[in-house]
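Numbering (my numbering), first residue to last: 3 to 735. A virtual CB, placed ideally from N, CA and C, is assigned to each residue, including glycine. Have a look at the structure below before the remarks.
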Ligand SMILES: [Zn+2]
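Spelled out as structure tokens, the structure:
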């Protein structure tokens with residue numbers, strides 16, 4: 003027998019319980035729960051136990067985008083009676099009706115509160131009790147809100163127990179989904195051809211971003227985390243998968259009631275109930291710091307999918323001929339948990355699990371119980387579609403959300419990049435493990451860069467992406483580009499600085515929600531002198547749109563006697579606008595190629611036009627920017643300009659330094675007829691003056707120019723013939 007050591011989560015839970023015992027509803031006071039107090043507890047090594055406050059104090063909230071109600075939910079105690087919806091055989095409107103009771107404990111956090119609102123979309127409200135007294139409901143403003151007038155005036159710190167009895171009557175699959183057994187839906191489009199047939203009657207919820215309100219009355223905003231108990235009554239033979247621990251199953255002659263309790267705070271869009279005639283099986287993850295402790299990973303699949311049986315010969319044009327192989331599909335999950343626990347922090351919840359459902363079209367990181375499309379467990383040796391390995395990575399994506407999305411949660415939908423960028427970056431972290439080296443990591447990051455660059459969404463920031471688009475049209479921003487916000491922090495800071503700061507972020511906001519500013523400030527606290535200030539970093543990459551487009555030109559010089567240098571001009575040529583910065587401040591990673599050697603250097607490019615001079619001890623043939631490390635486009639990635647042989651002799655500028663207003667001159671000798679241009683640039687690479695531009699016969703020339711227009715500083719002269727040039731610098735005092 004495996005045993006589950008109760009973690010910090012339960013410590014946290016029990017502490018809250020004890021602190022608020024008098025105010026909590028019945029379910030949190032029963033002995034089954036409180037007995038956890040006496041069990042051995044162990045802290046996940048990386049979670050800071052001093053960090054137990056669920057919410058920030060008011061004075062910690064600055065320029066927040068959170069729109070708060072006048073209360074904070076402490077607990078949801080939800081009961082839904084799905085007996086009829088699962089016992090029926092059809093999905094007609096009458097078969098979709100269920101009743102529910104949501105007992106919600108709230109903490110008033112404003113003054114003079116006389117009314118409160120819940121989100122309740124198209125739910126029929128049957129009755130409402132406050133502190134066990136039935137109240138009359140006023141005329142409701144619309145079908146999306148439950149408006150309650152309180153039986154008195156309440157103030158900061160008051161708690162109320164509100165029991166809402168309701169009936170779900172929605173005819174459409176929206177938030178609550180119901181499919182009938184034996185139903186043939188359709189044949190999927192190529193290349194993912196798949197007959198979709200419902201093996202067993204299925205009912206499930208799916209809420210992100212704002213659909214929890216369609217199946218239960220609640221405060222349906224991501225910032226408000228609460229403790230939850232979810233109880234669902236189903237016909238005998240059905241199983242219910244949900245958040246947290248399965249506390250009990252109460253049977254009568256015809257039905258079973260599953261009672262799930264999540265000892266970690268949860269937000270409404272991560273709450274789930276999934277019911278079908280499931281086969282249940284488990285894996286165990288052994289904690290990295292104590293292999294004797296383990297976390298159960300529970301899978302819920304249909305019997306046929308577990309047994310890996312196939313009805314008929316494979317034929318993509320007929321129905322239901324695919325093999326499903328749940329055990330094979332899930333065989334990498336334990337190593338995924340190990341990977342994230344190792345790289346990030348210990349797995350932060352009491353269990354993990356996955357439940358397969360029909361017609362889901364993807365995966366959803368419900369807290370401790372991810373919902374996935376049944377298609378994900380199809381035997382990839384049969385038929386076309388997504389590869390087995392890619393599906394491993396998308397399962398890793400959902401698992402990565404347990405840390406980035408569930409442990410720390412976007413406080414508003416403007417901040418969704420934290421969740422989705424993080425989980426997409428997690429795919430690269432997992433590919434790094436699969437390949438056994440950083441090439442795996444970079445290959446996934448290159449794919450997400452490609453997804454972003456191909457999408458063309460260069461004018462929209464990843465912060466505050468239109469809410470309707472965050473999970474489909476603009477995933478190239480909220481997923482792909484956002485994954486680079488994590489990746490570039492990692493490459494800019496280096497693993498030794500980045501990962502401790504990243505773990506610190508997870509500790510600070512564990513079981514809480516956070517906004518983009520919180521994310522930024524956490525890094526500001528932990529990393530004092532970043533190569534690029536975090537205000538600048540987040541402003542350009544998160545709050546603004548676009549990316550730098552670099553144009554590179556280089557000049558390689560040979561001074562003889564083994565003395566060389568190379569001048570690299572970096573120009574940013576992205577079209578600047580209100581949304582796209584004219585200058586992205588970023589480390590630029592340069593690679594210098596010589597006849598038989600390669601050298602690397604990093605510069606902070608913080609101007610739109612800028613040049614750098616490097617003395618490398620060899621003559622550079624070409625220079626390139628490593629685009630694995632900064633999200634950019636290169637308009638010319640490798641430019642080689644070798645020493646100019648046609649300028650036979652050239653002198654330095656004299657006098658040098660030159661006083662402003664004085665004339666300065668230099669001599670140059672040319673072989674043959676030449677088109678010559680002599681130009682003066684400032685330190686930023688801006689061309690200030692053309693001294694000469696025209697053809698010259700063979701011979702020696704003196705070029706003279708006045709420095710009246712030049713403010714004191716360093717300047718550079720470029721003397722070109724054809725496509726070659728030589729440069730030298732002078733100073734104006
Ligand atoms: Zn995701």
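1. Assign residue 336 to one of three DSSP states: helix, strand, or coil.
2. Since residue 252 sits in a beta bridge, which residues does DSSP pair it with?
3. Between residue 519 and ligand 1, is there a pair consisting of the residue's CB and a ligand heavy atom that are separated by less than 7 Å?
4. Would you mind working out which of 199, 207, 274, 531 sits nearest residue 176, comparing C-alpha positions?
5. Assuming residue 430 is part of the alpha helix (DSSP H), what are its boundary residues?
6. Buried or exposed for residue 297, going by 16 or more other Cβ atoms inside 10 Å?
7. Using 8 Å as the threshold, is the region 621-638 in touch with the region 549-557, meaning 3 or more CB pairs across them?
8. Taking all protein chains shown into account, decide if residue 717 is buried (16 or more other Cβ within 10 angstroms of its Cβ) or exposed.
9. Taking only the alpha-carbon atoms, compute the straight-line gap between residue 56 and residue 267 and give it to the nearest angstrom.
10. If we call anything under 8 Å between Cβ atoms a contact, is residue 161 one with residue 221?
11. Can you tell me the Cβ-Cβ gap for residue 369 and residue 245, rounded? I've got them flagged as a contact below 8 Å.
12. For a minimum of 3 consecutive residues, which ranges assigned as the beta strand (DSSP E) are wholly contained in the region 533-574?
13. May I have the straight-line CA-CA distance separating residue 720 from residue 556, to the nearest angstrom?
14. Verify the contact flag: residue 403, CB atom, against every heavy atom of ligand 1, threshold strictly below 7 Å.
15. Within 10 angstroms of the Cβ of residue 774, are there 16 or more other Cβ atoms? Answer buried if so, exposed if not.
16. When every heavy atom of ligand 1 is checked, does at least one fall within less than 7 Å of the C-beta of residue 425?
17. Could you tell me which uninterrupted beta strand (DSSP E) segments, each at least 3 residues in length, are contained entirely in the region 570-611, listed from first to last along the chain?
18. Using the rule of at least 16 other Cβ atoms within 10 Å of the residue's Cβ for burial, across every protein chain shown, is residue 136 buried or exposed?
19. Are residue 625 and residue 568 close, meaning C-beta to C-beta below 8 Å?
20. Below 7 Å, is the gap between the Cβ of residue 367 and the nearest heavy atom of ligand 1?
21. Around the C-beta of residue 292, are 16 or more other C-beta atoms found within 10 angstroms, so that it is buried, or is it exposed?
22. Are the Cβ atoms of residue 424 and residue 367 separated by less than 8 Å?
23. Could you give the residue range of the beta strand (DSSP E) that holds residue 396?
24. When you compare only the Cα positions, how much space is there between residue 344 and residue 88?
25. Hey, how far is the Cα of residue 592 from the Cα of residue 602?
26. For my contact list, residue 231 and residue 200 are in at a C-beta cut-off of 8 Å; report their separation, rounded to the angstrom.
27. Residue 732: buried (16+ other C-beta within 10 angstroms of its C-beta) or exposed?
28. When burial is assigned at 16 or more other CB atoms within 10 Å of the CB, is residue 670 buried or exposed?
29. Decide yes or no for the touch test of the region 508-526 against the region 408-420: beta carbon pairs closer than 8 Å, at least 3 of them.
30. Mind checking which residues open and close the alpha helix (DSSP H) that includes residue 486?
31. Can you determine whether any heavy atom of ligand 1 sits closer than 7 Å to the C-beta of residue 399, and answer yes or no?
32. Could you tell me which uninterrupted alpha helix (DSSP H) segments, each at least 4 residues in length, are contained entirely in the region 86-144, listed from first to last along the chain?
33. With a cut-off of 8 Å, do at least 3 Cβ pairs link the region 104-123 to the region 143-158?
34. Let me confirm a value: residue 797 is counted as buried when at least 16 other C-beta atoms fall within 10 Å, else exposed. Which label applies?
35. Evaluate contact between the region 444-459 and the region 529-544, counting only Cβ atoms and requiring at least three cross-stretch pairs below 8 Å.
Reading off the structure:
1. helix
2. 259
3. no
4. 207
5. 418-437
6. buried
7. yes
8. buried
9. Note that residue 56 scores 35 on pLDDT, short of 50, meaning its location in the model is unreliable; the coordinates nonetheless yield the value given after this. Residue 56 and residue 267: Cα-Cα distance of roughly 8 Å.
10. no
11. 5 Å
12. 551-562, 565-574
13. 12 Å
14. yes
15. Not covered by the structure: residue 774. The range shown for the chain is 3 to 735.
16. yes
17. 588-595, 600-607
18. exposed
19. yes
20. yes
21. exposed
22. no
23. No beta strand (DSSP E) contains residue 396, which is instead part of the alpha helix (DSSP H) from 390-402.
24. 41 Å
25. 6 Å
26. Rounded, the Cβ-Cβ distance is 29 Å, inconsistent with contact.
27. buried
28. buried
29. yes
30. 484-495
31. yes
32. none
33. yes
34. No information on residue 797 is available, as it lies outside the stretch 3 to 735 that the chain covers here.
35. no
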